[in-house]
Amino acid sequence: MKKNSKPEQTADFRDDYPRFTPAMKKTHKILVPDMLPVHFGIIVDFLNKEGWDIEVLHNDSRAVIDEGLKHVHNDTCFPALCVTGQFIDALKSGRYDPEHTAVLITQSGGGCRASNYIPLIRKALKAEFPHVPVISLNFAGLEKDSGFPVGPRLLLKLAFAIFYGDTLMSLYNQCKPYETEPGASDKAREDCVKLIGDAFDAGRYRRYKKIARAMLQRFSQVGRSGEAKVKVGIVGEIYVKYSPLGNSHLEEFLLSEGCEPVVPALMDFVMYCAVNNLNDAKLYNKKSLATPVFGVVYRYLHRVQKKIIRLTEAYGFEPLHDFEHLRRCADKVLNQGVKMGEGWLIPAEMAALAETGTDNIVCAQPFGCLPNHIAGKGAVRTLKRMYEHENIVAVDYDPSATKVNQENRIKLMLATARENLAASEARAREAKAAEEKARERRRK
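Its first residue numbered 1144, the sequence shown is counted upward by one per residue in our numbering.
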């Protein structure tokens, strides 16, 4: 052996997977797991018109969960299992050519296991679909060589797509339980999705006041009964809070029970991530060149949010929460330095729901998601002391949990909610009768 010979370099583990290159934009279909059907539909529509070939997966049979269990360890969190199972089930269906297919998932870059989904998915795909690249869509500097460019223009379009998706989701849920003509809310939603798509096509997506006003006018045309119904807020880990696959179609179940689902905005999570960077700079002196950028982004998003809130109120609908109100609610329960998982955002949303008239809450959480169990279940006792009327049920979602058991837990909460609503209506009737009697006495 020569003295000057260099030791052999070990292979970098990061090189042991297929990469998505810019050239693949023209040759590959990109599969995206379903989480927010309305939001993702808006986003995928404008991306496809820019030359991408992206499809949101809607396969949600038991086979999806079984595929996830085969390829991901059972101790890994439920969302990772669902996402991986959805990808593999789709690739096995025969509808896609694995040689010309890629999969895409978002990463927050936080301390949650969601930041580790990429290697889990790569390992799962390697056994049967080794040529399928995994793309990471993230804003934390992870996976920089993904071949999926993320620039200011795309970020701006994503932000407005989220604002419109949030508004549409909220208006639909406020109309669907009360509609006097079956299907009217679904038709209004379809019309609004087309309206938003046309705005993106014409490059007018930033005219948010005009677009929000048009959506509000369209849903104002939906005939609604004036009956009182139980309102149920949905909070928890981001995937199971929104994903029909992850939460066993929770919104549909609540609608079938005659309730009004109240789902917090996805934009709250986006602003939560921005604020956490500002909090880190203040609490831990973790300042970087990006810190002032996060400040500018947060102020801009909050300004747009406040204007949409004012428009929503003007049309008589219940607006989504002002994020500064959420931060004040969080301070009553938990320090904003607690940010693992959804951290302080979960108790903040539960408190804000209680303060705006939604007393009944489903806290949806993946079984074994420790950060969210602490911030969610751990805050329930404090919240019930603060808001005695609050009716909270924590529901775990897991491969072994049956839909019947989950729904039975929610039905028990709804039974209490209906009793409380009936008692509240009785008190209102008594107060009205007493007021009328007092008015008659004054006339005499």
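Glycine included, every Cβ here is placed at the ideal spot set by N, Cα and C.
Which residues bound the alpha helix (DSSP H) around residue i?
{"i": "residue 1340", "result": "1327-1344"}
{"i": "residue 1472", "result": "1466-1476"}
{"i": "residue 1389", "result": "From DSSP, residue 1389 is part of no alpha helix (DSSP H); its letter is neither H nor E."}
{"i": "residue 1554", "result": "1546-1586"}
{"i": "residue 1625", "result": "Outside the modelled stretch of the chain, which goes from 1144 to 1587, sits residue 1625, for which no answer is possible."}
When DSSP labels each residue in this structure, what does residue i get in the three-state scheme?
{"i": "residue 1416", "result": "helix"}
{"i": "residue 1446", "result": "helix"}
{"i": "residue 1422", "result": "helix"}
{"i": "residue 1181", "result": "helix"}
{"i": "residue 1521", "result": "helix"}
{"i": "residue 1436", "result": "helix"}
{"i": "residue 1376", "result": "strand"}
{"i": "residue 1279", "result": "strand"}
{"i": "residue 1265", "result": "helix"}
{"i": "residue 1427", "result": "coil"}
{"i": "residue 1175", "result": "strand"}
{"i": "residue 1155", "result": "Caution is warranted here: a pLDDT of 46 is assigned to residue 1155, below 50, making its placement in the model unreliable, and the coordinate value is therefore given only provisionally. Residue 1155: coil per DSSP, three-state reduction."}
{"i": "residue 1350", "result": "coil"}
{"i": "residue 1367", "result": "strand"}
{"i": "residue 1456", "result": "helix"}
{"i": "residue 1189", "result": "helix"}
{"i": "residue 1463", "result": "coil"}
{"i": "residue 1168", "result": "helix"}
{"i": "residue 1411", "result": "helix"}
{"i": "residue 1295", "result": "helix"}
{"i": "residue 1160", "result": "coil"}
{"i": "residue 1259", "result": "helix"}
Where does residue i land, buried or exposed, given buried means 16+ other C-beta within 10 angstroms?
{"i": "residue 1485", "result": "buried"}
{"i": "residue 1441", "result": "buried"}
{"i": "residue 1532", "result": "exposed"}
{"i": "residue 1200", "result": "buried"}
{"i": "residue 1364", "result": "exposed"}
{"i": "residue 1507", "result": "buried"}
{"i": "residue 1411", "result": "buried"}
{"i": "residue 1376", "result": "buried"}
{"i": "residue 1431", "result": "exposed"}
{"i": "residue 1389", "result": "buried"}
{"i": "residue 1179", "result": "buried"}
{"i": "residue 1446", "result": "exposed"}
{"i": "residue 1539", "result": "buried"}
{"i": "residue 1181", "result": "buried"}
{"i": "residue 1436", "result": "exposed"}
{"i": "residue 1268", "result": "buried"}
Check the C-beta distance from residue i over to residue j and give it rounded, since I have them as a contact under 8 Å.
{"i": "residue 1372", "j": "residue 1403", "result": "5 Å"}
{"i": "residue 1523", "j": "residue 1544", "result": "Not quite, the Cβ-Cβ distance comes to about 19 Å (not below 8 Å), so this is no contact."}
{"i": "residue 1463", "j": "residue 1438", "result": "About 22 Å; that fails the 8 Å criterion."}
{"i": "residue 1323", "j": "residue 1368", "result": "6 Å"}
{"i": "residue 1278", "j": "residue 1163", "result": "5 Å"}
{"i": "residue 1509", "j": "residue 1383", "result": "6 Å"}
{"i": "residue 1234", "j": "residue 1189", "result": "Rounded, the Cβ-Cβ distance is 25 Å, inconsistent with contact."}
{"i": "residue 1219", "j": "residue 1263", "result": "7 Å"}
{"i": "residue 1491", "j": "residue 1469", "result": "4 Å"}
{"i": "residue 1259", "j": "residue 1374", "result": "So it is not a contact: roughly 36 Å between Cβ atoms."}
{"i": "residue 1452", "j": "residue 1307", "result": "Their Cβ separation, rounded to whole angstroms, is 14 Å, which puts residue 1452 and residue 1307 out of contact at 8 Å."}
{"i": "residue 1208", "j": "residue 1542", "result": "5 Å"}
Which residue comes first and which comes last in the beta strand (DSSP E) that contains residue i?
{"i": "residue 1404", "result": "1403-1405"}
{"i": "residue 1537", "result": "1534-1540"}
{"i": "residue 1198", "result": "1197-1199"}
4 or more residues per run - each alpha helix (DSSP H) lying fully within the segment 1475-1514:
1488-1498
Tell me the start and end of each unbroken alpha helix (DSSP H) in the segment 1208-1257 that is at least 4 residues and wholly inside, in chain order.
Within the segment 1208-1257, the complete alpha helix (DSSP H) segments at least 4 residues long are 1221-1235, listed from N- to C-terminus.
In the segment 1299-1329, which residue ranges form an unbroken beta strand (DSSP E) of at least 3 residues, counting only runs that do not cross its ends?
Unbroken beta strand (DSSP E) runs of no fewer than 3 residues, entirely contained in the segment 1299-1329, are not found.
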